[in-house]
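Reviewing the structure listed below.
Residue numbers (the numbering used here): 228 to 400.
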């Protein structure tokens, strides 16, 4: 893993950390370094603005923003940078995270935010998507992604073989 962080991750609250852990795990698996900070679109807007405006100069190449409820963090980050921004809508007690999802995905034209699903699968996909973005210019990351995809294929083939074995035993009983 390179010491220079390539991905910047911000979350609206430290209580979001367990919910985005799968993004960090995914980045770790591809050898991608990152920085993680707590900052709020509403409570610390200047801090968010400074982070986003300086991200490129600080060597970051992709940004991930996780927030729940009003979930404007990804949009505010995207408003202050031309780096790709991935939004993780954090599930909340209210509406099961639908509020977070809609707040993240419904960006106005001209300021895109790539949005993943709520829940642990969404956080994992945010890490993988960041890797895919970086793989455009990094053959090492691309090779790790190719190997990851091949493992997925093998996993499904193994599951199918086990199912076929189980079914064939059932016919002989």
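We put the beta carbon where it would ideally sit given N, CA and C, even for glycine.
In this text, all values refer to a predicted model and were calculated from it rather than measured experimentally.
If we call anything under 9 Å between Cβ atoms a contact, is residue i one with residue j?
{"i": "residue 348", "j": "residue 287", "result": "no"}
{"i": "residue 303", "j": "residue 268", "result": "yes"}
{"i": "residue 266", "j": "residue 300", "result": "yes"}
{"i": "residue 382", "j": "residue 257", "result": "no"}
{"i": "residue 368", "j": "residue 356", "result": "no"}
Leaving aside the five residues before and after residue i along the sequence, list all residues of the same chain whose C-beta is less than 8 Å from its C-beta, in chain order.
{"i": "residue 251", "result": "236, 261, 263, 354"}
{"i": "residue 324", "result": "295, 316, 317, 318, 345, 346"}
{"i": "residue 395", "result": "none"}
{"i": "residue 275", "result": "237, 266, 267, 268, 300, 303, 304, 307"}
{"i": "residue 230", "result": "260"}
Quickly, what does DSSP pair residue i with across the bridge? List them, please.
{"i": "residue 316", "result": "294"}
{"i": "residue 236", "result": "263, 291"}
{"i": "residue 341", "result": "313"}
Can you list, in chain order, the residues of its chain with a C-beta nearer than 6 Å to that of residue i? Leave out the 5 residues immediately preceding and following it.
{"i": "residue 351", "result": "249, 253"}
{"i": "residue 311", "result": "289, 360"}
{"i": "residue 293", "result": "238, 243, 247, 315, 317"}
{"i": "residue 232", "result": "260, 261, 262"}
{"i": "residue 331", "result": "298, 301, 314, 316, 342"}
{"i": "residue 365", "result": "none"}
Since residue i contacts residue j with CB under 8 Å, what's their CB separation in whole angstroms?
{"i": "residue 272", "j": "residue 305", "result": "Not confirmed; about 14 Å, so no contact."}
{"i": "residue 327", "j": "residue 298", "result": "4 Å"}
{"i": "residue 308", "j": "residue 270", "result": "About 20 Å separates the two Cβ atoms, so there is no contact after all."}
Leaving out five residues before and five after residue i in sequence, what residues of the same chain have Cβ atoms less than 7 Å from its Cβ?
{"i": "residue 362", "result": "368, 369, 372"}
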